[in-house]
Every structure is written in C-alpha cells, then in structure tokens.
Amino acid sequence: MASNSFGKLLTVTTFGESHGAAIGCVIDGCPPGIAITAEEFAHDLQRRATGKSRHTSQRHEADEVEILSGVYEGRTTGTPIALLIRNTDARSKDYDKIVEQFRPGHADYTYWQKYGIRDPRGGGRSSARETTMRVAAAVIAKKWLAEKHGIRVRAHVAQIGEIRPRSFDASVVEDNAFFWPDAAQVPELESFMDALRKSGDSVGARIDVVADNVPPGWGEPIYGKLDGELAAAMMSINAVKGVEIGAGFASITQKGSEHRDELGRDGFRSNHAGGILGGISSGQAITCSVAFKPTSSLRLPGHTVDVEGREVEVVTTGRHDPCVGLRAAPICEAMMALVLMDQALRHRAQCGDVGEVSPRIPGAVQ
Ligand code: EPS
539 MASNSFGKLL TVTTFGESHG AAIGCVIDGC PPGIAITAEE FAHDLQRRAT
589 GKSRHTSQRH EADEVEILSG VYEGRTTGTP IALLIRNTDA RSKDYDKIVE
639 QFRPGHADYT YWQKYGIRDP RGGGRSSARE TTMRVAAAVI AKKWLAEKHG
689 IRVRAHVAQI GEIRPRSFDA SVVEDNAFFW PDAAQVPELE SFMDALRKSG
739 DSVGARIDVV ADNVPPGWGE PIYGKLDGEL AAAMMSINAV KGVEIGAGFA
789 SITQKGSEHR DELGRDGFRS NHAGGILGGI SSGQAITCSV AFKPTSSLRL
839 PGHTVDVEGR EVEVVTTGRH DPCVGLRAAP ICEAMMALVL MDQALRHRAQ
889 CGDVGEVSPR IPGAVQ
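Counting in this note's numbering, the sequence shown runs from 539 upward without gaps.
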C-alpha cells in the first residue's frame, strides 16, 4: 500500500497539495449510521486553521468541507466517505524565489532526491496544509468514540521553546491562542511570540495529548501495538521529531519500583505506562507527548545549494508559522482518535465475544 493511507479497518487516505485546487480524504471502513453534517467539521477545523491570531501564518482559508459520498440523509452509509476542501487563498508567487533552492531543514531536498521533481508552491504535499484532512476525518472518529465509549481526546501545548506551564487548568486551554493551560502566562507568551516573529526566527513546541475512558484491551501485541501505532501516527505529522508514551524518556532514569504502576482494587496507583501495557490499553488514560521542531521556512538568510549544486543564500518570504506547534493540538488529537477508532474496530472484530473480564481495575489514578 502506498503511504498516503493509514489504518487497517478504518482507513484514511489523504490527497492534495497546499496550492493545488483542493485537499481531500477518503475514509473507508467507517461503520454505518453515524449522524454527521458538513457543519460539524467546522469547530475542529477552525481550531487548527491558520490566521486565527497574529501568532500563526496569515493565510486565510475558508476550510469548508464538502461531503462527496458515504453520507445519506445525514448518516454514514458504510461506504467510502469522501471529503473535499477547496484551497481558496494560495499565494504561489511567494515561492518564486525558492523554486530552485532547498530550504535548510525542509523536505524540499529529500522530495527532490526521491522523486526528481517537486511542487514548490506552498511546500506542495509536504505542507502542513495536509493535516487539515486528518482533523476532518477525525471529527467522525471523535464522535464515534465519544458516543460509543464515552472517550474524550484532548490536547494542549505543554512547552514553547524553554517556556513551560506553571500550572494546569484544562478549562482555559481553548480560551487563548496558544492552547495553553496556564492563563496567567498568556501575556508572557504573547510577548515571546511577538519578539520571535519580529526576529524572523522560529521555535519548537511540545504537545501533550490524552484520551480518557479508553477501555482495557484495545491494541494488539507485537506488530499492532497501540503505542507503536500511536507513535507512527504522531510521527507522520509534519515537523514532528519525537514522541513519548507515558513517562517516555524519563523511564530511563526511573527505578522499576517507581515506574511500575501498582494496582489496587480501587484503581491504579500511578500512570507511568501512559495507559498501555504490552501494546494493549490498560483502562488508564492514554498519554502521549509530541515534539515539534521549529519551522524551517525563515526569512533569516541561510546557506543552501540550488538545483544546479551552486552554494546560494536562501530567504523564505510569505506567510509562515513562527511555531507550527501552536496549531498542532487538534492535529495530535486527530491522530490519537483515528488510531483509537481503528483499534476499537479491530478489537471488536476479533475479541467482541470476550466481553468484560474480571477483575476490572478502575483506570483513574488513586
Ligand atoms: C505551510 C506554509 C504556509 C502555511 C501552511 C503551512 O502556507 P502558504 O505558504 O501557502 O501560506 O500557511 O498552512 C496552511 C495553509 C494550513 O492550512 O495549515 C507549510 O510550509 O507547511
């Protein structure tokens, strides 16, 4: 299978380029009967969109979803669901200067090496624009997970450069431009991002994503591990350079007696495993942390070569995000939701008759 599709029973195939006519996706294997309208996509698409604050790219896309197939009278029919979003605000002239140059830190060079041709307009297929369709597809997955299992997937920005939240309040995350859980720090972030944007540089970010109420038993041992598929799904997002599940790299310095999540009748006593043991959900919250690199499209001059191999100076003009991570919380939620729904369907297919096994330990940390 070519690599524009992912998932086993619930598959999502995306297509399109940043400055092409449209972007879209085909969702196959979706159960029939899920109520869905085109309007329901708007909320998450707007959370991810550019141009919502001065701290992101100022490209203004309508991001309106057209449902082309797979939905009849407001319900999924079980046939492939095709979603389309037309590109309405591409400004390809911004890319004229870098048509023959490779931006350092960008996929320009590797696409060129792989295909011998590239669409430089807006980064073509390597653009973060593609993530729009993952978020759209996941609107259906989030709805199914919530209605069938009471699962909620949410994400927040947990670090921007050196800045970390000093406190955590989930209720304020959606109220600021940074998906930040500490409202008192927002003025500091505004000043930091304003100064960064003026300097022409960019910065990385960490996104924490959590899924609550995932029942035990989802995921498959060995090659279909839930954590393995989550890691691959997160790594498939543009600019991602690291993924941690649960304690992640902190596990290196932990002792076994600290890392193991002890069980009691009233619940687990900690969650260093991130809700996954042996590739299978334990019933605890699934926790994942994702590292986004700093954006590589910079107006600060840098060294590179052109397609003739000459050393040249590159400057990227146009509308870019000084921190791509600022728009990534809905994208990480989307990948978590799509992986979970796929695994849920696979679990139902193979183990649906097993039912609830005792003893069932409450997932919440006690
Ligand atoms: C992007 C570059 C910019 C961003 C784009 C991602 O595109 P353009 O140069 O066409 O303005 O605006 O993000 C989106 C359009 C989006 O919807 O996320 C890149 O190089 O990844």
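Beta carbons are placed, not taken as given, at the ideal position from N, Cα and C, and that holds for glycine.
Query                                                                                                                                                            : Result
Taking the Cβ atom as the reference point for each residue, do T855 and V748 lie within a distance shorter than 8 Å?                                             : no
Given 7 Å as the limit, tell me if N776 has its C-beta closer than that to any heavy atom belonging to the ligand EPS.                                           : yes
Could you tell me whether any Cβ in chain B is nearer than 8 Å to the Cβ of E578?                                                                                : Annotation note: the requested chain B is absent from the structure, which comprises a single protein chain.
Quick one: residues in its chain with C-beta nearer than 6 Å to the C-beta of R613, no 5 flanking neighbours on either side, listed in chain order?              : G571, A573
Are the stretch 713-724 and the stretch 616-630 touching, with three or more C-beta to C-beta distances below 8 Å?                                               : no
Starting from E782, follow the beta strand (DSSP E) in both directions and report where the run begins and ends.                                                 : 778-783
What span of residues does the alpha helix (DSSP H) with L606 cover, start to end?                                                                               : That residue, L606, is in no alpha helix (DSSP H); its beta strand (DSSP E) goes 604-607.
May I ask you to check if the CB of E599 is nearer than 7 Å to at least one heavy atom of the ligand EPS?                                                        : yes
Looking only at its chain, what residues have a beta carbon closer than 8 Å to the beta carbon of V637, apart from the 5 residues adjacent to it on each side?   : P658
Answer yes or no: do S556 and G643 have a C-beta to C-beta separation smaller than 8 Å?                                                                          : no
Roughly how many angstroms separate the alpha carbons of R704 and G847, rounded to a whole number?                                                               : 48 Å
Answer yes or no: the CB of T588 versus the heavy atoms of the ligand EPS, is any distance below 7 Å?                                                            : yes
Thinking just about the alpha-carbon of each residue, which of S795, G893, A600 is nearest to the one in H581?                                                   : A600
Output the residue ranges of the beta strand (DSSP E) runs that lie fully inside the stretch 570-610 and measure 3 residues or longer, sorted by chain position. : 604-607
Between which residues of its own chain and S820 is the CB-CB distance below 6 Å, once the five residues before and five after are set aside?                    : P754, G813
Using three-state DSSP, classify E767 as helix, strand or coil.                                                                                                  : helix
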